[in-house]
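The sequence shown begins at 1 in my numbering and counts up by one.
From the three backbone atoms N, C-alpha and C, an ideal C-beta is built for every residue, glycine too.
To start, the structure itself, in structure tokens.
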Amino acid sequence: VEEVVDAVPVTQPVGVVERARLREAILNPTSCPYGDDGTCSRTDPVRHIVGEDDGQPHWVRCHLRAPASDIARRVLKATDRPDGEATDDTDATKKAETTAA
1 VEEVVDAVPV TQPVGVVERA RLREAILNPT SCPYGDDGTC SRTDPVRHIV GEDDGQPHWV
61 RCHLRAPASD IARRVLKATD RPDGEATDDT DATKKAETTA A
């Protein structure tokens with residue numbers, strides 16, 4: 001009986017589900033990881049210092065309020081195919097496009 005159960009193919013491997021969850025979190029973040037510093041704004045671009053490189057501050061732009069980037073969506077979609085070609089639109093991509101419009 002155990003061999004029969006082992007022979008059943010897995011229709012959706014766990015890795016695919018985890019990648020989809022991560023993709024959704026990247027394209028549609030729910031909060032700012034730097035929110036404790038109180039500088040977030042809905043209208044002005046916000047940058048946060050996250051470290052230093054050779055004594056110079058290393059900045060990141062707020063990903064929560066940043067405009068949707070087409071290149072980011074294409075890169076994320078391309079990770080699903082071994083040939084690197086973009087796959088069909090995901091729900092996360094459609095939501096990001098709707099939010100950006």
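Go ahead and pull the three-state DSSP assignment for residue i.
i	result
V17	helix
V4	helix
L27	helix
E85	Note that E85 scores a pLDDT of 47, beneath 50, so its modelled location is shaky and nothing firm can be said.
T90	Low per-residue confidence applies at T90: pLDDT is 45, beneath 50, and the placement is therefore not dependable enough to give any value.
Where does the unbroken beta strand (DSSP E) through residue i begin, and where does it stop?
i	result
P57	Q56 to R61
V50	R47 to D53
With C-beta atoms as the reference, is residue i less than 9 angstroms away from residue j?
i	j	result
V46	R23	no
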